[in-house]
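Visitor: Structure below; questions to follow.
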Amino acid sequence: MLRRDLHEANRLSWNAATVAHNSHKGDQARFLREGGSTLFPEELALLGPLAGKRLVHLQCNAGQDTLSLAALGAEVTGVDISDEAVSFARALSRDSGLPGTFARADVFDWLEAAPAGHFELAFCSYGAIPWLSDLGPWARGLARTLAPGGRFVTVEFHPFMWCFEPDAQGRLQLTYPYAGGAHVQTSGVNDYVALSGAGLVPSGYEEGVKDFKNPHPDHGFQWGFADIVGALLSAGLTLERLEEYPYANGWKGFPGMREVAPRRYALAEDVPALPLMYGLSARKG
């Protein structure tokens, strides 16, 4: 069931957090103008060639990845619920000289109104799907807005990871979501950029806001692999590729995580390897 009331609460939480996040990122427009990119190899491998492709980036946050995709030749549209994020993305597009269209909307509302069969690629990544209160209308909306032969691509944090306490020492926090859609409320979107440091700021980390406390709680939804893949299949998409990764790109959410490649982090050496991300590609027939 769609929970637009909780989506609205999340909008407020993201508005507050986005200001803190961008305070650490310095002159992002210059970084992009000089050829910098915030993308990782995993999503680029799944997306494939981008030149001339019509691409919608759902839950695009403040537009850094969206405009990095534009720099590779995609014709990009970014969608996000946060007023602060979309305002920043529009300014970043203007100041970087990279073209992009950005819409401020709940992703479910946007998918209902989006042009049918228009986009060749739909994309979301890194903490997008856990904000969705109902996967059915989301997946059907994706399928409707994709052109024949179009693809949905995501690289996302693994659902198994969210079961564990933040210390990742094996204490289960939540039951794995076999039933799907478990509502999880926390004290607000945190300053995960500050926690991750340079891993999430290839443009150069700056101290920015210190000791951020979000005044607005947030509401997530714990979905399992079967829920996510099943929703895409039920919407008529065909699964093309599915990958799991024992590391996280950019994010150092557990203590003791170690860098195993540039901006790629695995769990501490004394913790068993767990899947921290997955990637998938699904095609519309």
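Each residue of the sequence shown is one higher than the last, beginning at 117 in my numbering. All C-beta atoms in this analysis are idealised placements derived from N, C-alpha and C, irrespective of residue type, glycine included. Just so it is clear, the structure is predicted and the values come from calculations on it, not from any experiment.
1. HIS335 lies in the beta strand (DSSP E); which residues open and close that run?
2. Which partner residues of ARG267 appear in the DSSP bridge assignment?
3. Output needed for PHE147: all residues of its chain with C-beta closer than 7 Å, excluding positions within five of it in sequence on either side, in chain order.
4. ALA382: which of SER198, THR302, GLY315 and GLU323 sits nearest, CA to CA?
5. Taking only three categories from DSSP, how would you classify HIS140?
6. In the DSSP output, what is VAL172 paired with across the bridge?
7. Along the alpha helix (DSSP H) that carries VAL345, what are the first and last residues, could you check?
8. Quick check on the burial criterion: 16 or more other C-beta atoms within 10 angstroms. Buried or exposed for GLU159?
9. Under a three-way DSSP split, which group does VAL300 fall into?
10. Would you check if the distance between the CB atom of LEU262 and the CB atom of LEU353 is smaller than 9 Å?
11. ASN131 and ASP199 - do their beta-carbons sit closer together than 9 Å?
12. Taking all protein chains shown into account, do 16 or more other C-beta atoms lie within 10 angstroms of the C-beta of LEU208, making it buried, or fewer, making it exposed?
13. Relative to the C-alpha of ASP334, which candidate in GLY401, ARG127, CYS176 and LEU390 has its C-alpha closest?
14. Distance, Cα to Cα, ALA238 vs ARG399?
15. Give the C-beta separation of HIS423 and VAL309 to the nearest angstrom, bearing in mind that I take them to be a contact with Cβ-Cβ under 8 Å.
16. Between ALA351 and the rest of its own chain, which residues show a CB-CB distance below 7 Å, the 5 nearest in sequence each way excluded?
17. Just to confirm the assignment, what range does the beta strand (DSSP E) spanning ARG220 have?
18. Cα separation between ARG267 and ASP307?
19. Grab me the residues of ALA125's own chain with a C-beta within less than 8 Å of its C-beta, minus the 5 sequence neighbours each way, in chain order.
20. Round the Cβ separation of PHE218 and GLY194 to the nearest angstrom and send it over; I've been treating them as touching at under 8 Å.
21. Alpha carbons only, please: which of VAL300, ASP343, THR291 and MET277 is nearest the one belonging to PHE426?
22. Roughly how many angstroms separate the alpha carbons of GLY151 and GLY216, rounded to a whole number?
23. Please name the residue in GLY324, SER312 and LYS326 whose C-alpha comes closest to that of ALA364.
24. What are the partner residues of ALA377, as DSSP defines its beta bridges?
25. Roughly how many whole angstroms lie between the Cα atoms of THR134 and GLY265?
26. Report the rounded CA-to-CA distance for VAL192 versus VAL172, giving the unit in angstroms.
27. In chain order, what residues of the same chain have a beta carbon less than 8 Å from the beta carbon of ALA244, not counting five sequence neighbours either side?
28. Residues in its own chain within less than 7 Å of LEU214 by CB, not counting five upstream and five downstream?
Guide: So, to answer that:
1. 334–338
2. LEU237 and ARG399
3. SER319
4. GLY315
5. coil
6. THR193 and ALA238
7. 341–350
8. buried
9. strand
10. yes
11. yes
12. buried
13. ARG127
14. 10 Å
15. With the chain covering only 117 through 401, there is no way to say anything about residue 423.
16. ALA255, ARG256, LEU258 and ALA259
17. 217–220
18. 32 Å
19. HIS332, PRO333, ASP334 and HIS335
20. 5 Å
21. Since the first residue shown for the chain is 117 and the last is 401, residue 426 is missing from the structure and cannot be characterised.
22. 16 Å
23. SER312
24. ARG380
25. 35 Å
26. 6 Å
27. LEU174, GLN175, THR270 and GLU272
28. LEU148, LEU183, ALA186 and ALA187
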